[in-house]
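Residue numbers for the sequence shown follow this note's numbering, so the first one is 3 and each next one is one higher. I have placed the structure first, in the form of structure tokens, so that the comments after it can refer back to it.
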Amino acid sequence: MAKLLITDDAAFMRMTLKKMVTDAGFEVVAEAENGLEAVDLYKEHRPDIVTMDITMPEMNGIEALQKIREYDPEAKVIMCSAMGQQNMVVDAIQKGASDFLVKPFDESRIKESLEKTLSK
């Protein structure tokens, strides 16, 4: 069973995503509410995949993506963005993100993204 770290500053979004990924057969090993926490939790848990919100306080998702990929160049990070953040999504993909999801989340798209990312 693949292990996930969910990163989002909104507790409701973490809860929603956690339910969708556990329903799809994945295990959530940790949750972070900002990029700094995500980097520390990644090092502690070494999850198979990280879902990373782009816009967060303290350290945004793109900075956290870069720090995680510096620590582990093989890290698989799926960026999550709201509509209208296309420039940031392009930036994240160029910096090594595996995929991206647009909020509000679509359950079938999440499952597809997780499976595609795992098989890379």
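We put the CB at the ideal spot given by N, CA and C, even for glycine.
- A straight line joining the alpha-carbon of Val-104 with that of Ile-8 spans about 15 Å.
- Looking only at Asp-11, Ala-40, Val-41 and Leu-6, the smallest Cα-Cα distance to Glu-29 is reached by Leu-6.
- Between Asn-36 and Met-58, the CB-CB gap stays under 8 Å.
- The C-beta distance from Lys-97 to Leu-67 rounds to 6 Å, short enough to meet the 8 Å contact threshold.
- In this structure, the straight-line span from the alpha carbon of Gly-63 to that of Asp-93 is close to 11 Å.
- Taking a C-beta distance under 8 Å as the contact criterion, Arg-16 and Glu-33 qualify as a contact pair.
- Each of Ala-84, Tyr-73 and Ile-70 was checked against the Cα of Ile-56, and the nearest Cα belongs to Ala-84.
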